[in-house]
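**Q** Have a look at the structure that comes next, please.
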Amino acid sequence: MKTLSPSILAANMLSLGDEIKKIEYSGSNYVHIDVMDGVFVPNISFGMPVISATRKATNLALDVHAMIIDPDKYIDDFIKCGADIITFHFEALDNNRILKAIEKIHTNGKKVGLSIKPKTPANEIYPYLDLIDMVLVMTVEPGFGGQSFMYDMMVKVTDIREYSKKLGRDIDIEVDGGINNETIKVADKAGANIFVLGTAFFKSEITPKVADLLNYES
Ligand code: DX5
Ligand code: ZN
0 MKTLSPSILA
10 ANMLSLGDEI
20 KKIEYSGSNY
30 VHIDVMDGVF
40 VPNISFGMPV
50 ISATRKATNL
60 ALDVHAMIID
70 PDKYIDDFIK
80 CGADIITFHF
90 EALDNNRILK
100 AIEKIHTNGK
110 KVGLSIKPKT
120 PANEIYPYLD
130 LIDMVLVMTV
140 EPGFGGQSFM
150 YDMMVKVTDI
160 REYSKKLGRD
170 IDIEVDGGIN
180 NETIKVADKA
190 GANIFVLGTA
200 FFKSEITPKV
210 ADLLNYES
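For the sequence shown, numbering that gives the first Met the number 0 gives the first residue as 0, with consecutive numbering after it.
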């Protein structure tokens with residue numbers, strides 16, 4: 000499945016309900032929720048109350064991107080608030096804690112994503128590819144919306160796609176940061192299938208539609 004995962008980091012928080020309606024209208028399957036703690040990344044966004052409010056507003060899958068230290072401490076809370084996919088950062092935990100976090104999320108019937116920052120090589124997450132549902136390849140340094148897409152991350156996307164094929168896995172590969180109507184094509188061709196859009200979704204005059212962005216002539 001290919002889909003957008005519009006990031007409410009760029010939404011108008013005063014009318015979050017209407018913003019979520021735009022996501023439904025666009026044909027997206029996911030809502031991307033960026034949780035930042037001001038420690039793992041140099042910015043603070045929002046947390047549990049916003050996840051819960053979003054849960055009440057939609058039946059779309061909630062794609063929670065935890066940019067926090069100790070993400071494993073908050074798995075229960077994320078699930079209680081209605082997260083469907085919990086993505087945490089490879090850089091935030093040691094191997095032992097990563098394995099335990101994956102198991103805990105799966106035991107609760109939710110999907111696991113593992114994310115890598117731009118400086119982390121793709122092969123760091125190869126040992127986990129058999130255990131997780133999604134890899135999130137950051138295409139900007141995490142922390143802020145509105146940054147420019149890092150084209151040099153595409154080789155990582157292709158490498159992960161090829162390696163997971165070798166393992167016989169049809170894993171989801173999400174890209175996040177600087178995705179717009181041009182860079183989405185580049186990421187699609189590289190092998191990504193879930194596309195996070197913040198600025199390009201919420202700050203554009205016309206709400207983009209999945210069909211228009213992904214069914215392009217190549
Ligand atoms: C950045 C966040 C992104 C952000 C993307 O750290 O993880 O999800 O919302 O925003 P744009 O699409 O504006 O780059
Ligand atoms: Zn994100």
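Glycine included, C-beta positions come from ideal geometry on N, C-alpha and C.
Taking contact to mean at least 3 C-beta pairs separated by less than 8 Å, is the stretch 157-171 in contact with the stretch 137-148?
**A** no
**Q** Extract the residue ranges of the beta strand (DSSP E) inside the stretch 75-142, only unbroken runs of 3 or more that lie entirely within it.
**A** 84-88, 110-115 and 133-137
**Q** Looking at residue 31 and the ligand ZN, is the gap between the Cβ and the nearest heavy atom below 7 Å?
**A** yes
**Q** For residue 70, is the beta carbon positioned less than 7 Å from some heavy atom of the ligand DX5?
**A** no
**Q** With a threshold of 7 Å, establish whether the CB of residue 178 neighbours any heavy atom of the ligand DX5.
**A** yes
**Q** Counting only runs that start and end within the stretch 13-62, where is the beta strand (DSSP E) found for 3 or more residues in a row?
**A** 29-35
**Q** Report the rounded CA-to-CA distance for residue 125 versus residue 18, giving the unit in angstroms.
**A** 36 Å
**Q** Measuring only the C-alpha atoms, how far is residue 47 from residue 80?
**A** Rounded to whole angstroms, the gap between the alpha carbons of residue 47 and residue 80 is 6 Å.
**Q** How long is the line joining the alpha carbons of residue 45 and residue 70, rounded to whole angstroms?
**A** 14 Å
**Q** Output needed for residue 119: all residues of its chain with C-beta closer than 8 Å, excluding positions within five of it in sequence on either side, in chain order.
**A** 89 and 90
**Q** Leaving aside the five residues before and after residue 143 along the sequence, list all residues of the same chain whose C-beta is less than 7 Å from its C-beta, in chain order.
**A** Contacts found: 42.
**Q** Under 7 Å from any heavy atom of the ligand ZN, does the C-beta of residue 6 make it?
**A** yes
**Q** I'd like the list of long-range same chain contacts for residue 63, defined as Cβ closer than 7 Å, with 5 residues on each side in sequence excluded.
**A** 32, 34, 50, 77, 82, 84, 85 and 86
**Q** Helix, strand or coil for residue 173, going by three-state DSSP, please let me know.
**A** strand
**Q** Within this structure, are the beta carbons of residue 25 and residue 61 separated by less than 8 Å?
**A** Cβ distance not < 8 Å, so residue 25 and residue 61 don't count as in contact.
**Q** Quick one: give me the first and last residue of the beta strand (DSSP E) that residue 196 is part of.
**A** DSSP places residue 196 in the uninterrupted beta strand (DSSP E) bounded by 193-196.
**Q** Quick check on residue 7: buried or exposed, where buried means 16 or more other Cβ atoms within 10 Å of its Cβ?
**A** Buried is the call here.
**Q** Would you call the CB atoms of residue 173 and residue 212 closer than 8 Å?
**A** no
**Q** On the three-state DSSP scale, how would you describe residue 70?
**A** helix
**Q** For residue 157, report the span of its alpha helix (DSSP H) as first-last.
**A** For residue 157, the enclosing alpha helix (DSSP H) starts and ends at 153-165.
**Q** Only counting the same chain, and skipping five residues up and downstream in sequence, which positions put a Cβ closer than 8 Å to that of residue 152?
**A** 117, 136, 137, 138 and 174
**Q** Compute the beta-carbon to beta-carbon distance between residue 68 and residue 38, rounded to the nearest angstrom, for a pair I have assumed lies under 8 Å.
**A** Going by Cβ atoms, the distance from residue 68 to residue 38 rounds to 5 Å, so yes, they are a contact pair.
**Q** CA-CA distance, residue 21 and residue 197?
**A** 13 Å
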